[in-house]
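Chains as they are written, first to last, in my numbering: chain A, 3 to 247; chain B, 3 to 247; chain C, 3 to 247; chain D, 3 to 247; chain E, 3 to 247; chain F, 3 to 247. Don't be surprised by glycine CBs; every beta carbon is placed ideally from N, CA and C. Working notes, structure below.
Number of protein chains: 6
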Amino acid sequence: MGSGTAARINGWLMIPDPFANALFARPGWDSVTIDCQHGMFDESAAVHTLHALQSAKPRRLVRVPSNEPGFIGKMLDAGADGIIAPMINSVAEATSLAQACWYSPKGSRSFGPTLAALRSTGLPYEEAAATIEVWAMIETRTAFAAVADIAAVPGITGLFVGPSDLALAFGLRPGPDREETEMIDAYLAIISAARAAGKDCAIYCARPAYALRMAGLGFDMVTAATDATALPAAATAAIAAMREG
Amino acid sequence: MGSGTAARINGWLMIPDPFANALFARPGWDSVTIDCQHGMFDESAAVHTLHALQSAKPRRLVRVPSNEPGFIGKMLDAGADGIIAPMINSVAEATSLAQACWYSPKGSRSFGPTLAALRSTGLPYEEAAATIEVWAMIETRTAFAAVADIAAVPGITGLFVGPSDLALAFGLRPGPDREETEMIDAYLAIISAARAAGKDCAIYCARPAYALRMAGLGFDMVTAATDATALPAAATAAIAAMREG
Amino acid sequence: MGSGTAARINGWLMIPDPFANALFARPGWDSVTIDCQHGMFDESAAVHTLHALQSAKPRRLVRVPSNEPGFIGKMLDAGADGIIAPMINSVAEATSLAQACWYSPKGSRSFGPTLAALRSTGLPYEEAAATIEVWAMIETRTAFAAVADIAAVPGITGLFVGPSDLALAFGLRPGPDREETEMIDAYLAIISAARAAGKDCAIYCARPAYALRMAGLGFDMVTAATDATALPAAATAAIAAMREG
Amino acid sequence: MGSGTAARINGWLMIPDPFANALFARPGWDSVTIDCQHGMFDESAAVHTLHALQSAKPRRLVRVPSNEPGFIGKMLDAGADGIIAPMINSVAEATSLAQACWYSPKGSRSFGPTLAALRSTGLPYEEAAATIEVWAMIETRTAFAAVADIAAVPGITGLFVGPSDLALAFGLRPGPDREETEMIDAYLAIISAARAAGKDCAIYCARPAYALRMAGLGFDMVTAATDATALPAAATAAIAAMREG
Amino acid sequence: MGSGTAARINGWLMIPDPFANALFARPGWDSVTIDCQHGMFDESAAVHTLHALQSAKPRRLVRVPSNEPGFIGKMLDAGADGIIAPMINSVAEATSLAQACWYSPKGSRSFGPTLAALRSTGLPYEEAAATIEVWAMIETRTAFAAVADIAAVPGITGLFVGPSDLALAFGLRPGPDREETEMIDAYLAIISAARAAGKDCAIYCARPAYALRMAGLGFDMVTAATDATALPAAATAAIAAMREG
Amino acid sequence: MGSGTAARINGWLMIPDPFANALFARPGWDSVTIDCQHGMFDESAAVHTLHALQSAKPRRLVRVPSNEPGFIGKMLDAGADGIIAPMINSVAEATSLAQACWYSPKGSRSFGPTLAALRSTGLPYEEAAATIEVWAMIETRTAFAAVADIAAVPGITGLFVGPSDLALAFGLRPGPDREETEMIDAYLAIISAARAAGKDCAIYCARPAYALRMAGLGFDMVTAATDATALPAAATAAIAAMREG
């Protein structure tokens with residue numbers, strides 16, 4: 003990860019149902035993200051899905067609704083392999099995030115694994131806890147201005163670009179898979195900041211074609227599809243096929 | 003319905019989450035079916051989805067897990083526009099099904115609408131209760147032998163073909179979208195039985211292309227896509243696009 | 003019960019939430035009924051409410067969705083003080099109901115109390131199991147014709163009139179609190195059948211004034227209010243008071 | 003709103019069940035408030051109710067448990083028409099609240115509507131997002147001292163009086179519908195502060211008669227009834243009617 | 003199984019929570035039984051636990067609340083390795099049970115695996131469906147009288163003794179781990195009937211010592227502990243240790 | 003409490019199911035703690051258990067996931083007798099905790115009891131609200147250094163030692179029931195700080211024998227068993243008994 007052309011491929015989960023999640027997660031993603039911010043997962047739904055998707059592959063990341071240590075701790079206790087935290091705008095916020103994710107002396111995560119200790123990944127739990135991923139989302143002008151410093155915060159393992167919010171911050175309409183030069187330039191700057199700090203860089207994409215372009219741009223992990231987008235697309239396509247017959 | 007070339011297009015719901023159901027149900031189906039037999043819906047999940055999908059369109063059918071009057075009543079009380087009952091093998095079973103679905107004097111459904119009475123379909127509740135659909139599934143050899151009599155049972159509004167179980171009954175491997183002459187002949191016989199009794203006929207299909215063929219064969223309602231199939235298909239396609247890049 | 007002018011006062015629960023149920027159940031009912039037929043309770047919601055309302059008063063009855071022994075057993079295991087079963091139309095159905103409710107030798111209820119054994123009613127569990135109530139609903143023409151025989155079935159402790167379904171059966175529009183002579187005469191006949199068999203008789207009423215009349219008519223237990231009716235009534239009254247100001 | 007005698011009439015929801023909520027919400031309120039602070043709604047229950055009450059009328063406000071951006075975002079994503087935040091004691095807290103509610107450039111709300119984008123209000127989603135209400139609760143001495151400044155914070159659309167907490171702050175016993183001159187004077191001062199800043203002012207009331215008085219006092223929105231109060235009141239009245247005969 | 007001294011060791015689950023179930027199920031049982039009859043599992047809770055305990059070991063049996071094909075089908079669809087059905091009193095009931103559990107031509111189970119098809123047991127799904135266990139509970143006098151015929155029903159793979167209900171049927175007080183000669187003789191007769199038909203025989207026991215005796219008696223599978231018993235035992239022991247200190 | 007040799011005995015709940023909680027809580031604890039930090043309880047599960055365990059004994063404490071006033075308020079509204087807050091590292095954090103727990107003038111808790119007002123403890127609600135317990139967890143080096151000042155914060159009623167996190171902070175491996183002199187010395191120092199401020203002191207222990215030692219050391223409340231530990235222990239013991247036979 004972080005070199006070569008083979009970016010990690012991530013699937014995005016917004017539907018809070020472990021059966022739906024198993025169906026979408028199994029076909030071979032490197033990781034899936036349980037979205038507790040803009041997805042419909044609450045704490046309990048996320049834990050049920052973490053329990054149902056307990057095999058070693060794919061890795062299971064959780065995007066948390068905000069940078070709140072209590073919620074982050076519960077996701078890690080339940081076996082999340084990593085945390086994606088939105089709206090990390092400063093070194094202080096990135097430090098708080100890292101503190102919440104790592105045990106002492108690296109951080110101040112409270113000890114009490116539940117499902118994490120039961121999980122069969124081939125690693126004893128404490129080694130597994132040493133392999134988590136901590137992604138700071140860069141999605142505001144403030145964050146963009148501080149991106150080098152945020153990237154350098156110990157315990158942060160990567161930067162994660164939120165294209166909709168970053169577009170809003172740049173005065174553009176929200177939405178994924180941007181074509182504006184201004185946005186692409188920003189992506190390149192964020193990748194550079196990550197590289198300079200020896201960290202990874204990731205981005206949310208809506209479609210595989212764009213995700214491939216972003217992998218080519220240098221992102222180490224790209225999201226290539228979302229369950230909540232797949233469902234209406236499939237329904238629309240089937241209805242069109244029927245109506246047009 | 004029942005004449006002309008424009009069969010009703012039905013979408014199939016197996017994922018017990020109202021957000022996922024709203025995403026899949028909105029693009030323009032004539033009806034959707036909440037599958038409480040082989041889908042993951044229990045009673046409470048089906049009621050939540052009936053509450054969330056309360057507009058007049060699409061119509062919402064419920065496939066019940068078995069021909070049990072208590073469960074059927076709760077779905078109708080919660081506003082289901084129709085019932086699809088599996089494994090209806092005899093006139094007695096079809097009569098029990100019809101009795102459970104219609105109020106006196108047509109049947110013996112118990113009165114006590116809950117969400118049904120709150121729903122805004124443009125019809126007062128008691129008129130809405132006079133428009134429900136009652137589908138008897140024909141999916142065993144016993145049922146196939148008795149299909150003419152089952153079709154004639156008052157209060158049954160249509161026959162619904164279950165291709166996997168019918169294939170199993172014929173000694174074939176289970177699965178939808180059959181090509182065997184024996185199966186197609188059976189379909190035609192079931193359609194004829196429905197026609198003779200002045201009833202509709204429907205079938206579950208997995209793909210739009212096959213659903214179009216079945217509409218051409220004479221089915222009045224065809225299922226053209228299923229949420230639980232759409233999710234792994236979308237994930238597989240995205241991953242393939244990424245890996246093949 | 004069964005003599006004197008003081009009929010038992012029962013409250014009716016349709017809202018599947020233990021907080022709402024506690025609010026409605028506390029003010030002093032002799033019993034409350036958790037309605038799993040036309041109310042929104044599924045099995046799990048009924049159990050949660052039985053757990054939350056675990057004191058000795060009021061007694062907690064459960065109306066089951068149908069005369070199915072598995073569901074009846076779970077409600078009794080969870081501490082229900084009695085069962086109200088809909089649509090009991092024959093001696094055979096009444097016998098099946100009674101068998102499901104009583105332990106051997108009186109019946110064939112399976113042993114395995116859960117919450118029932120934990121409940122603090124002042125009685126040891128097995129004595130409590132000897133005080134349950136078993137109500138057979140009389141609400142069809144068939145049941146009405148067989149009411150004397152149904153009342154005589156051992157293990158049935160009372161007859162319960164369902165006015166809406168009985169009205170439908172008589173060719174009338176459904177609804178509670180009937181004024182038709184034909185209906186009142188039917189009530190009197192049902193009360194007489196209960197008396198002749200040494201059993202109690204109960205009826206669902208929507209309003210206290212009508213419930214008082216029914217108590218005067220001879221019913222031993224009358225329902226006087228329903229949570230699902232109270233809510234829109236309170237909202238309507240408040241809005242009217244505000245609009246009319 | 004904000005002028006004339008016709009204050010907006012708001013209903014209050016504490017019971018976390020979408021059926022109960024639909025029953026209470028339908029009779030004609032201008033808005034209803036889903037109370038996630040002192041009501042029994044958690045995140046998931048609030049989302050279910052927002053999904054079930056998806057028509058344009060009444061407007062659906064959410065009182066959040068605290069001024070936490072993650073929770074606020076999820077309620078807006080799920081289609082809340084407005085947020086009522088408790089214990090807003092300073093310009094900084096009011097600013098944080100407003101930031102969490104509005105998209106850039108007005109605030110820093112993160113983009114990712116779920117149910118909000120599916121809702122049929124007649125408005126495209128982004129216009130709907132421009133019509134939300136942001137209410138800051140004034141209910142401590144600190145807030146009362148800073149009320150003019152809080153009212154002036156851009157993005158705050160109104161002040162909302164919490165009478166119980168304000169009474170506690172003034173050394174009085176808690177409870178709604180206050181008669182003390184000191185309280186009424188405080189209300190008038192808060193209304194004046196709102197007026198001076200061109201904002202609305204609202205108050206929680208327990209009974210319609212008092213709500214009418216408050217509308218007369220100048221409040222733009224008044225709460226006139228609460229589901230959790232209606233239930234025991236209805237039960238108590240029915241039991242009294244029965245016992246007193 | 004069925005010969006030798008090494009009976010299968012089964013653990014019993016009554017607590018409807020997948021975390022609790024994982025904790026109790028992992029230490030090395032041959033199988034665990036999810037008790038939907040006297041345990042607190044409803045359909046949805048059983049499915050969640052089947053999803054969470056998806057590895058090949060231990061096998062997961064489900065005791066259903068009654069011999070109802072709809073519920074049985076949903077448990078098998080969700081990946082249950084076997085069904086234990088209570089109160090099987092006749093060849094007709096045993097035949098109905100077997101029909102519900104096996105696909106055509108052996109039975110009439112409806113095809114539509116959900117979690118079962120996703121499960122990683124090393125076997126393709128259709129082979130897994132050929133290895134299920136179908137246990138008929140013998141727990142009434144009627145069943146005991148018909149035990150040889152019930153054992154001989156094709157598709158029934160074993161007889162399962164319910165000691166509490168059988169004791170009740172014999173006029174004894176309910177409870178597990180019986181010492182009466184009459185009961186032990188009955189157990190031997192049931193084991194003989196199973197042997198004669200080439201089937202297995204199992205029994206519920208409350209304590210390991212008694213389970214060992216029953217294994218010695220000839221039972222092929224014995225239950226040795228129950229989660230709902232373990233919890234109060236552990237609490238009682240800890241409190242006693244503290245109070246006696 | 004706080005003098006004599008009879009420390010309070012506390013049981014620990016991690017399994018989010020009210021039936022399991024009732025089984026474990028009934029045998030005679032002085033108090034039980036619902037663990038929302040490292041246990042599997044989310045807000046809704048904690049409320050359900052508080053509703054189910056509503057008798058006066060045992061007292062019910064809630065360990066919250068973090069020092070967040072909104073969550074604390076909901077637990078107190080639902081009838082918690084006390085709050086245990088993790089990671090209280092400073093006077094400011096302890097003050098925030100106390101403010102969230104007490105009504106004015108002692109703090110700024112918002113008024114709106116729900117289940118708390120319905121509970122039958124023999125005390126009117128407002129008196130009950132004056133008897134709550136507020137425990138600050140001491141489990142970092144920072145907290146340890148500030149322990150005397152934290153203990154002195156008004157409204158904090160006790161210090162609660164988290165041994166795993168404190169061990170991590172001291173560079174040791176995590177886990178309960180420590181033997182290191184360094185840890186025991188720290189415990190004595192924390193007890194002294196509590197004593198000096200006139201406050202209580204408590205500790206989490208995994209086994210009764212160690213809990214007795216800690217009571218002897220001077221702790222006023224000791225945890226002696228945990229449900230999530232009891233389950234695998236019981237299963238392991240039963241399996242071993244069977245395998246070793």
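- Message: Quick check on DSSP: helix, strand or coil for D151 (chain C)?
- Response: Three-state DSSP puts D151 (chain C) in a helix.
- Query: Which value, in whole angstroms, describes the spacing of the CA atoms of G124 (chain B) and Y206 (chain C)?
  - Reply: Roughly 30 angstroms between the two C-alpha positions.
- Query: Ends of the alpha helix (DSSP H) at A1 (chain D)?
  - Reply: The question about residue 1 (chain D) has no answer, for chain D in this structure spans 3 to 247.
- Item | Beta-carbon proximity of G30 (chain D) to I192 (chain C), cut-off 8 angstroms | In terms of Cβ geometry, G30 (chain D) and I192 (chain C) do not form a close pair [threshold 8 angstroms].
- By how many angstroms is the C-alpha of I86 (chain A) removed from the C-alpha of G13 (chain B)? Spanning the two alpha carbons is a distance of roughly 35 angstroms.
- What distance in whole Å lies between the Cβ atoms of G164 (chain D) and M139 (chain D), which are believed to be in contact at a cut-off of 8 angstroms? Right, the Cβ-Cβ distance comes to about 5 angstroms (below 8 angstroms), so this counts as a contact.
- Message: If the criterion is Cβ atoms closer than 8 angstroms, does the pair A145 (chain E) and N91 (chain E) meet it?
- Response: Closer than 8 angstroms, so yes.
- Contacts around A199 (chain B), its chain only, beta-carbon distance under 6 angstroms, and the 5 residues preceding and following it disregarded: Cβ contact annotation for A199 (chain B) (same chain, cutoff 6 angstroms, sequence separation greater than five): A153 and A154, in chain order.
- How should D151 (chain A) be labelled, buried or exposed, when 16 other C-beta atoms within 10 angstroms of its C-beta is the threshold for buried? D151 (chain A) comes out exposed.
- Item | Residues in the segment 109-120 of chain A having any Cβ partner in chain E nearer than 8 angstroms | Flagged, chain order: T116, L117 and L120.
- Item | Boundaries of the alpha helix (DSSP H) in which E135 (chain D) is found, first to last residue | In the DSSP assignment, E135 (chain D) falls outside any alpha helix (DSSP H) and lies within the beta strand (DSSP E) extending over E135 to I140.
- Message: Going by DSSP, what residue range makes up the beta strand (DSSP E) through F162 (chain D)?
- Response: Start and end: G160 to V163.
- Query: Quick one: what's E225 (chain A) bridged to in DSSP?
  - Reply: Just to set this straight, residue 225 (chain A) is Thr in the shown sequence, not Glu. T225 (chain A) pairs with A:N12.
- Task: Write down the C-beta distance between P109 (chain B) and D79 (chain B) rounded to the nearest angstrom, noting that I regard them as a contact closer than 8 angstroms.
- Result: A small fix is needed here, since residue 109 (chain B) is Gly in this sequence, not Pro. Not really, about 14 angstroms apart at Cβ, beyond 8 angstroms.
- Message: Can you confirm whether the segment 222-237 of chain F touches the segment 224-237 of chain E when touching is taken to mean that 3 or more C-beta pairs between the two stretches lie within less than 8 angstroms?
- Response: With a cut-off of 8 angstroms on Cβ pairs, the segment 224-237 of chain E is in contact with the segment 222-237 of chain F, counting three or more such pairs.
- Message: With distance defined between alpha-carbon atoms, name the residue in C:A196, C:L214 and C:A169 nearest to T183 (chain C).
- Response: It is C:A169 whose Cα lies nearest to the Cα of T183 (chain C).
- Query: Is M244 (chain E) close to chain F, meaning its C-beta is less than 8 angstroms from at least one C-beta of that chain?
  - Reply: Cβ-Cβ to chain F under 8 angstroms: yes for M244 (chain E).
- Beta-ladder partner(s) of A62 (chain B), from DSSP: This sequence places Arg at residue 62 (chain B); Ala is not what is there. B:V34, per the DSSP bridge assignment.
- Item | Within-8 angstroms CB hit, L174 (chain D) to chain C | L174 (chain D) does not count as touching chain C.
- Please list, in chain order, all residues of the same chain as H53 (chain B) whose beta carbon is under 8 angstroms from its beta carbon, the five residues on each side excluded. The answer, listed in chain order, is P20, A80, G81 and L117.
- Message: Given this structure, state the Cα-to-Cα distance separating C38 (chain F) from T51 (chain A), to the nearest angstrom.
- Response: One C-alpha to the other measures close to 18 angstroms.
- Exposed unless 16 or more other CB atoms sit within 10 angstroms - verdict on G218 (chain C): Burial call: exposed.
- To which residues of the same chain is T142 (chain F) closer than 6 angstroms at the C-beta, ignoring the five residues directly before and after it? Within the same chain, T142 (chain F) has close Cβ partners N91 and A171.
- Query: In this structure, does DSSP put C207 (chain C) in helix, strand or coil?
  - Reply: Of the three classes helix, strand and coil, the one that applies to C207 (chain C) here is coil, per DSSP.
- Item | 8 angstroms Cβ cutoff, P88 (chain A) in contact with chain D | By this cut-off, P88 (chain A) is an interface position.
- Reduced DSSP category for A199 (chain A) - H, G, I as helix; E, B as strand; rest coil: For A199 (chain A), the secondary structure class from DSSP, reduced to helix, strand or coil, is coil.
- Query: Would K59 (chain A) count as contacting chain F if we go by Cβ distances under 8 angstroms?
  - Reply: No, no contact with chain F.
- Proximity to E128 (chain C) [Cα-Cα], best of C:V93, C:D83 and C:E45: Nearest option by C-alpha distance: C:D83.
- Message: Does the CB of G157 (chain A) have a neighbour CB from chain B at under 8 angstroms?
- Response: Taking Cβ atoms only, chain B never reaches closer than 8 angstroms to G157 (chain A), which makes this a no.
- Message: Using only the alpha-carbon positions, how far apart do L120 (chain A) and L161 (chain A) sit?
- Response: Take the alpha-carbon of L120 (chain A) and the one of L161 (chain A): they are about 30 angstroms apart.
- Secondary structure at A131 (chain E), three-state DSSP: helix, strand or coil? In the structure shown, the three-state DSSP call for A131 (chain E) is coil.
- Pull out every residue of the segment 40-58 of chain D whose Cβ sits closer than 9 angstroms to any Cβ of chain G, in chain order. The question asks about chain G, but that chain is absent: this structure's protein chains are A, B, C, D, E and F.
- Message: Does any residue of chain B have a CB that is nearer than 8 angstroms to the CB of D37 (chain A)?
- Response: It does not; no Cβ of chain B falls within 8 angstroms.
- Query: If R62 (chain D) sits next to V34 (chain D), beta carbons under 8 angstroms apart, how far is it from one beta carbon to the other, in whole angstroms?
  - Reply: Between V34 (chain D) and R62 (chain D) the Cβ distance is about 6 angstroms, and since that is below 8 angstroms, they are a contact.
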